[in-house]
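**Student:** In the numbering used here, the protein residues as written are -10 to 447.
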């Protein structure tokens, strides 16, 4: 759904700056900001935003088949999700495709998740994960895995948008903490690709195959490329990575993402990248609550876009961790991260713009509607100015702020709500024109230790 569809009612009431002061439901609150942030939009330089960026993982052992339709509706409404990765994460390595059940493993669930037919019916775009675990553990299983994968391709073919071979083979057999085992796993995965990729492509040449890469060390990605038969590698359409952020303080905003993805492209010769599992997982701060996680999720989506990622699937959209999840387990309570994901999927489309200034802001130009997302950088008030000189922007279409609970209240801060955001026109003595608003987290009436603003200009 395009931005203009969401904004059509508002477009009849576009307001010139002279009228903006009366356009909002509440007056501007007089505050004394501790700093002023001025944002500059580079309207001439943009990056296309992939329409398949906003996908999610279907967590097979967390969402029962009886809730699949509700899950699909919730994902569509909350986050405008139409693509889903199936059967999701490690479930893919223990999933019995023929009988729609799991084999016994440490996260075994006796409750059935959705069948492949259900998922294909409920979502317009689906990606499948074929198994790799048994082959990584036992080389004699290569042919069996290839036979299973070939049969799946024959049955579902190019109804599946991406066929991903294996889930996190690079963590199997304790490889996360043992580099020697990791090297062995790379060797085994390359051998599996030599067998399974040609079988899948012969079954249906139109399918897209993405292979999973251990991408944290460029030498490992190069090793996988060099060990795979060149003729087989040529049949591979893209690379799947799992760019989780925030495991350590210096990774909290995926600051190295673009360079690392550039390394993947140079090591593999493949341009198409699928972030098939990603999330911002912050565990090193005392105020690791939903609204702050939503801030970093916004930044991560911007960085995935700037790295020109083609497909992406968030993990997990519905689970037991409110700060990370989109919605509650019952699928009826939206959380801050889900609301922000929905904001991005609705309004961060078209072309991504570069934003400069002391902020982690993101912006997109969709057919002349420019939406800027500004996460609060710290607790306490700050004045944000969007510079308008040199742009075609004269009207404010929509301006909202997302806040969540009370400041640092661990019990409710993952609940979030939108409210109108007062935006006023300003001009400095030198003729600079701005759209100005206040981010004021931590104050009475605005709630929340952190806030996120969304302003659409035209």
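Cβ atoms here follow ideal geometry from the backbone N, Cα and C, with glycine treated the same way.
What residue ranges within the region 178 to 249 form continuous alpha helix (DSSP H) runs of no fewer than 4 residues, ordered along the chain?
**Tutor:** With a minimum length of 4 residues, the continuous alpha helix (DSSP H) runs that stay inside the region 178 to 249 are 207 to 216, 219 to 222.
**Student:** Taking all protein chains shown into account, do 16 or more other C-beta atoms lie within 10 angstroms of the C-beta of residue 28, making it buried, or fewer, making it exposed?
**Tutor:** The residue given as residue 28 occupies position 39 in the chain shown. Burial call: buried.
**Student:** Within 10 Å of its beta-carbon, does residue 87 have 16 or more other beta-carbons around it, so buried, or fewer, so exposed?
**Tutor:** Taking the chain shown and counting its residues from 1, one reaches residue 87 at position 98. Answer is exposed; the Cβ neighbour count stays below 16.
**Student:** Is it right to say residue 347 is buried, meaning 16 or more other beta carbons lie within 10 angstroms of its own, or is it exposed?
**Tutor:** Residue 347 sits at position 358 when you count from the first residue of the chain shown. Looking at its Cβ environment, which holds fewer than 16 other Cβ atoms inside 10 Å, residue 347 is exposed.
**Student:** Does DSSP classify residue 30 as helix, strand or coil?
**Tutor:** On the chain shown, position 41 is the one that residue 30 refers to. The answer is strand: DSSP assigns residue 30 an E or B state.
**Student:** Does the structure place the region 292 to 304 close enough to the region 166 to 184 that three or more beta carbon pairs sit under 8 Å?
**Tutor:** Segments in contact, no.
**Student:** Would you give the residue range spanned by the beta strand (DSSP E) that residue 73 belongs to?
**Tutor:** The count along the chain shown starts at 1 and reaches residue 73 at position 84. Element bounds for residue 73: 72 to 75.
**Student:** When you compare each of 45, 389, 364, 412 to residue 263 by their alpha carbons, which one comes out closest?
**Tutor:** For the purposes of this step, residue 263 is identified with residue 274 of the chain shown, where counting begins at 1. For the residues 45, 389, 364, 412, the minimum Cα distance to residue 263 belongs to 45.
**Student:** Over the uninterrupted alpha helix (DSSP H) stretch that includes residue 109, give me the two end residues.
**Tutor:** Here the question's residue 109 lines up with position 120 in the chain shown. Run containing residue 109: 105 to 111, per the alpha helix (DSSP H) assignment.
**Student:** Would you mind sorting residue 338 into buried or exposed? The rule is 16 or more other CB atoms within 10 Å of its CB.
**Tutor:** Numbered from its first residue, the chain shown carries residue 338 at position 349. Under this definition residue 338 is a buried residue.
**Student:** Does the beta-carbon of residue 404 have 16 or more other beta-carbons within 10 angstroms, so that it is buried, or is it exposed?
**Tutor:** Against the chain shown, residue 404 aligns to sequence position 415. Buried.
**Student:** Pick helix, strand or coil for residue 449, following the three-state DSSP scheme.
**Tutor:** Because the chain spans -10 through 447 in this model, residue 449 falls outside it and cannot be assessed.
**Student:** Count the other CB atoms, across all protein chains shown, that sit within 10 Å of the CB of residue 335; report buried if there are 16 or more and exposed otherwise.
**Tutor:** Numbered from 1 along the chain shown, position 346 holds the residue referred to as residue 335. Buried, because 16 or more other Cβ atoms sit within 10 Å of the Cβ of residue 335.
**Student:** Cα separation between residue 209 and residue 261?
**Tutor:** Locating residue 209 in the chain shown gives position 220, where the first residue counts as 1. Locating residue 261 in the chain shown gives position 272, where the first residue counts as 1. For residue 209 and residue 261, the distance between alpha carbons rounds to 18 Å.
**Student:** So, with DSSP's three-state summary, where would you put residue 315?
**Tutor:** Looking up residue 315 in the chain shown gives position 326. Note: residue 315 maps to coil in three-state DSSP.
**Student:** So, does the region 342 to 357 touch the region 313 to 322, judging by three or more C-beta pairs under 8 Å?
**Tutor:** As far as the Cβ criterion goes, the region 342 to 357 does not touch the region 313 to 322, which means the pair count is below three.
**Student:** Excluding sequence positions up to five away, which residues of its chain have a Cβ less than 7 Å from the Cβ of residue 68?
**Tutor:** As a position in the chain shown, residue 68 is number 79, starting the count at 1. The answer, listed in chain order, is 43, 315, 327, 330, 331, 334.
**Student:** Could you tell me the distance, in whole angstroms, from the CA atom of residue 427 to the CA atom of residue 254?
**Tutor:** The residue you call residue 427 lines up with position 438 of the chain shown. The residue you call residue 254 lines up with position 265 of the chain shown. When rounded, the distance between both Cα atoms is 41 Å.
**Student:** So residue 389 is in the beta strand (DSSP E); what residue range does that whole segment cover?
**Tutor:** Walking along the chain shown from the start, residue 389 turns up at place 400. That run of the beta strand (DSSP E) goes 385 to 392.
**Student:** For residue 90, which residues does DSSP report across the bridge?
**Tutor:** Counted from its first residue, the chain shown places residue 90 at position 101. For residue 90, which the question treats as bridged, DSSP gives the partners 85.
**Student:** Give the straight-line distance between the Cα atoms of residue 408 and residue 280, rounded to the nearest whole angstrom.
**Tutor:** Locating residue 408 in the chain shown gives position 419, counting from the first residue. Locating residue 280 in the chain shown gives position 291, counting from the first residue. Answer to the nearest angstrom: the Cα atoms are 14 Å apart.
**Student:** Within 8 Å, do at least three Cβ pairs link the region 145 to 161 to the region 193 to 200?
**Tutor:** Touching, per the Cβ criterion.
**Student:** Identify, in the order they occur along the chain, each residue of the same chain with its Cβ nearer than 6 Å to the Cβ of residue 48, setting aside the five sequence neighbours on each side.
**Tutor:** Here residue 48 is taken as the residue at index 59 of the chain shown, counted from 1. Taken in chain order, the residues that qualify are 77, 305.
**Student:** With H, G and I counted as helix, E and B as strand and the rest as coil, what does DSSP make of residue 62?
**Tutor:** Reading the chain shown from its first residue, position 73 is the one you call residue 62. Of the three classes helix, strand and coil, the one that applies to residue 62 here is helix, per DSSP.
**Student:** Would you call the CB atoms of residue 197 and residue 218 closer than 9 Å?
**Tutor:** The count along the chain shown starts at 1 and reaches residue 197 at position 208. The count along the chain shown starts at 1 and reaches residue 218 at position 229. Cβ distance not < 9 Å, so residue 197 and residue 218 don't count as in contact.
**Student:** Does DSSP classify residue 282 as helix, strand or coil?
**Tutor:** Taking the chain shown and counting its residues from 1, one reaches residue 282 at position 293. Of the three classes helix, strand and coil, the one that applies to residue 282 here is helix, per DSSP.
**Student:** Go ahead and label residue 429 buried or exposed: buried means 16 or more other beta carbons lie within 10 angstroms of its beta carbon, across all protein chains shown.
**Tutor:** For this step, residue 429 is matched to residue 440 along the chain shown. Buried.
**Student:** Does the contact criterion of 3 or more C-beta pairs under 8 Å hold for the region 57 to 65 versus the region 110 to 122?
**Tutor:** Touching, yes.
**Student:** Shortest alpha-carbon distance to residue 284 belongs to which of 37, 441, 117?
**Tutor:** Position 295 of the chain shown, counting from 1, holds the residue named residue 284. Out of 37, 441, 117, 441 has the C-alpha closest to the C-alpha of residue 284.
**Student:** What is the DSSP secondary structure of residue 96, reduced to helix, strand or coil?
**Tutor:** Counting from 1 along the chain shown, the entry for residue 96 is found at position 107. Looking at residue 96 - three-state DSSP - the assignment turns out to be coil, as it is neither helix nor strand.
**Student:** Our contact map puts residue 449 next to residue 156 with C-beta atoms below 8 Å; I'd like the distance itself, whole angstroms only.
**Tutor:** This structure leaves residue 449 out entirely; the chain is present only between -10 and 447.
**Student:** Please look up how many angstroms separate the CB atoms of residue 122 and residue 176, rounded, as I've assumed it's under 8 Å.
**Tutor:** Position 133 of the chain shown, counting from 1, holds the residue named residue 122. Position 187 of the chain shown, counting from 1, holds the residue named residue 176. The pair is not a contact, with the Cβ atoms about 16 Å apart (cut-off 8 Å).
**Student:** Short of 8 Å in beta carbon distance, which residues of its chain neighbour residue 163, apart from the five on each side in sequence? Order them along the chain.
**Tutor:** In the chain shown, the residue the question calls residue 163 occupies position 174. 170, listed in sequence order.
**Student:** Name the DSSP bridge partner or partners of residue 415?
**Tutor:** Here residue 415 is taken as the residue at index 426 of the chain shown, counted from 1. Paired residues: 423.
**Student:** Go ahead and label residue 235 buried or exposed: buried means 16 or more other beta carbons lie within 10 angstroms of its beta carbon, across all protein chains shown.
**Tutor:** Counting from 1 along the chain shown, the entry for residue 235 is found at position 246. Buried: at least 16 other Cβ atoms inside 10 Å.
**Student:** Going by DSSP in three states, residue 293 sits in which element: helix, strand or coil?
**Tutor:** Taking the first residue of the chain shown as position 1, residue 293 is located at position 304. If DSSP states are grouped into helix, strand and coil, residue 293 belongs with the helices.
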